[in-house]
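Remarks on the structure that follows.
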Amino acid sequence: MKLNAALPSLVATLLIVATQSAAGGGQQLTVGYYNAKKCGGVEPIVSDEVYRALAADRSKGAALIRLFFHDCWVKGCDGSVLLNASRSNPYPEKAAGSSIGLRGFDVIDRIKSRLESRYPGVVSCADILAFAARDATRYLSDGHIDYAVPSGRRDGVVSRAKDADDTLPGSTFSFADLKSNFAKKKFDAEELVVLSGAHAIGSAHYPSFRDRLAAPRGEIDARYQTALRNAARDRSRLVANNIRDESYAFKKDAGYPTAPVNGRRDYLNNTYYHNAIDNRVLFRSDWALRTDAFAFGKLKEYRDKPKEWDSDFAEAMVKLSKLPAEGKYFEIRKNCSAINNPSRY
Numbered sequence: 001m002k003l004n005a006a007l008p009s010l011v012a013t014l015l016i017v018a019t020q021s022a023a024g025g026g027q028q029l030t031v032g033y034y035n036a037k038k039c040g041g042v043e044p045i046v047s048d049e050v051y052r053a054l055a056a057d058r059s060k061g062a063a064l065i066r067l068f069f070h071d072c073w074v075k076g077c078d079g080s081v082l083l084n085a086s087r088s089n090p091y092p093e094k095a096a097g098s099s100i101g102l103r104g105f106d107v108i109d110r111i112k113s114r115l116e117s118r119y120p121g122v123v124s125c126a127d128i129l130a131f132a133a134r135d136a137t138r139y140l141s142d143g144h145i146d147y148a149v150p151s152g153r154r155d156g157v158v159s160r161a162k163d164a165d166d167t168l169p170g171s172t173f174s175f176a177d178l179k180s181n182f183a184k185k186k187f188d189a190e191e192l193v194v195l196s197g198a199h200a201i202g203s204a205h206y207p208s209f210r211d212r213l214a215a216p217r218g219e220i221d222a223r224y225q226t227a228l229r230n231a232a233r234d235r236s237r238l239v240a241n242n243i244r245d246e247s248y249a250f251k252k253d254a255g256y257p258t259a260p261v262n263g264r265r266d267y268l269n270n271t272y273y274h275n276a277i278d279n280r281v282l283f284r285s286d287w288a289l290r291t292d293a294f295a296f297g298k299l300k301e302y303r304d305k306p307k308e309w310d311s312d313f314a315e316a317m318v319k320l321s322k323l324p325a326e327g328k329y330f331e332i333r334k335n336c337s338a339i340n341n342p343s344r345y
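Residue numbers (full-length UniProt numbering): 1 to 345.
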């Protein structure tokens, strides 16, 4: 994407322009949807709870952004990733292998509780998650990434682990696999590279990166691989997606500056692209972006133009939020982890 203007202008544009789009199930998304329903406290309540949660545990921000991606990528933005297992559905999306490490549900539950007290039966869990991801993005980027979230979603009643495993991109995907996966959602190669930048934050479990321990030398920086192997001796240990956020010992093993670099831990900026160019990325799917000439060019572009990535990431998150929900039945859940009346569907 081209940088349309300086970041302040972009933020103002994204915050003011009220876009509309179909959300599935006959839903129309509109910026300011709850204000029009005389529920102007909805977004401030979400922001307040997200900021409280991140002030206590900054890593919750990456968790909320990942939770939002998982929700929208699997049959559209319908809050289905939030549903717990039940007698009628023992294997929801939460139970999928691709859902390993998903968290942040407690933040969504606290937000829902406050909103139900003030606006009972009005705010969908899908909208809460979309707002929370936006607020986490704003918080972790120190306000450099901000955008208006169109809302008016309703909550889905179907959640299947198989759908998540069949749909979400995998950490071992090749570039061709990634491009095909994103194309199915009408996201192009540029948007694939843009959204990959979210790996500047967060952490991963051993199964997601174990193949990198034996990756050929040309696919990974040798000292970074040594640091990964040392860290993986404890297979329960989480490894930060961004080497910037790793321990002193890890950075020392990797030959990386041990003093704080490019902001504090879990700071959402363009450091992912620096790491990608240096061959210090955690997942094979991240390394795979180097194997395509166009994608590799975008890696360099975003490394050198942080404001451009900020603006493009904001646009990609808005587009992600508009992925239409698939299904026949929708509702406004009273509890984000359970449908209102299981016997009805």
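Virtual Cβ for every residue (Gly too), placed ideally from N, Cα, C.
Thinking just about the alpha-carbon of each residue, which of the options is nearest to the one in residue i?
i	options	result
serine 285	Leu238, Val193, Ile201	Val193
arginine 280	Tyr91, Asp245, Lys328, Val31	Asp245
arginine 229	Tyr248, Tyr33, Asn241, Tyr206	Tyr206
serine 159	Asp78, Lys185, Thr258	Asp78
aspartate 211	Phe187, Ser174, Leu83, His274	Ser174
aspartate 188	Val239, Ser247, Phe294	Phe294
serine 108	Val149, Leu82, His274	Checking the sequence shown, residue 108 turns out to be isoleucine, not serine. It is Leu82.
lysine 305	Asp142, Arg118, Tyr272	Tyr272
lysine 186	Pro216, Ser141, Lys322	Lys322
arginine 265	Asp221, Asp142, Gly40	Asp142
threonine 172	Lys300, Ala164, Ser247, Trp287	Trp287
aspartate 48	Ser236, Phe131, His274	Phe131
threonine 226	Lys252, Gly202, Ala240	Lys252
glycine 40	Gly61, Tyr51, Pro90, Ser151	Ser151
glycine 202	Asp127, Tyr329, Arg235, Ala240	Ala240
lysine 38	Tyr91, Tyr119, Leu289	Tyr119
cysteine 336	Val149, Ala215, Asp127	Asp127
glycine 101	Ser236, Thr30, Pro257	Ser236
threonine 30	Val149, Tyr248, Ser247	Val149
Since residue i and residue j should fall inside the 8 Å C-beta cutoff, what is the C-beta to C-beta distance between them, to a whole number of angstroms?
i	j	result
aspartate 71	serine 80	7 Å
arginine 110	alanine 63	Rounded, the Cβ-Cβ distance is 14 Å, inconsistent with contact.
glycine 255	arginine 303	In fact, because the Cβ distance is near 19 Å, the residues do not count as touching under 8 Å.
valine 318	tyrosine 139	Valine 318 to tyrosine 139, Cβ: 17 Å. No contact.
alanine 314	isoleucine 145	5 Å
leucine 54	alanine 136	7 Å
leucine 195	alanine 316	5 Å
asparagine 270	glycine 197	7 Å
arginine 87	isoleucine 45	About 32 Å separates the two Cβ atoms, so there is no contact after all.
aspartate 234	aspartate 278	Not really, about 25 Å apart at Cβ, beyond 8 Å.
alanine 232	phenylalanine 250	About 11 Å separates the two Cβ atoms, so there is no contact after all.
Going by the CB atoms, is the gap between residue j and residue i shorter than 8 Å?
i	j	result
tryptophan 73	leucine 178	no
lysine 298	glutamate 190	yes
alanine 325	glycine 156	yes
leucine 129	alanine 200	no
leucine 320	phenylalanine 69	yes
arginine 154	glutamate 43	no
lysine 75	glycine 327	yes
glutamate 116	lysine 334	yes
phenylalanine 283	serine 208	yes
isoleucine 65	alanine 133	yes
alanine 85	alanine 95	yes
proline 99	alanine 164	It should be pointed out that residue 99 corresponds to serine in this sequence rather than to proline. Yes, the pair counts as a contact, with Cβ atoms nearer than the cut-off.
Is residue i near the ligand ATP, with its Cβ less than 7 Å from a heavy atom?
i	result
lysine 322	As for the ligand ATP, it is missing from this structure, which has no ligand bound.
Checklist entry - Residue ranges of each alpha helix (DSSP H) run of no fewer than 4 residues wholly in the region 120-196, ordered along the chain? => result 125-140, 161-167, 175-183, 189-196
Checklist entry - Counting Cβ pairs closer than 8 Å, one from the region 118-135 and one from the region 34-52, do we hit at least three? => result yes
Next on the checklist: Give the list of continuous alpha helix (DSSP H) stretches no shorter than 4 residues that lie fully inside the region 225-286.
Outcome noted: 248-254, 271-277
Checklist entry - Curious, which full-length alpha helix (DSSP H) runs of at least 4 residues does the region 22-52 contain? => result 33-36
Checklist entry - Which ranges does the beta strand (DSSP E) cover as unbroken runs of at least 3 residues, wholly within the region 293-330, from first to last along the chain? => result none
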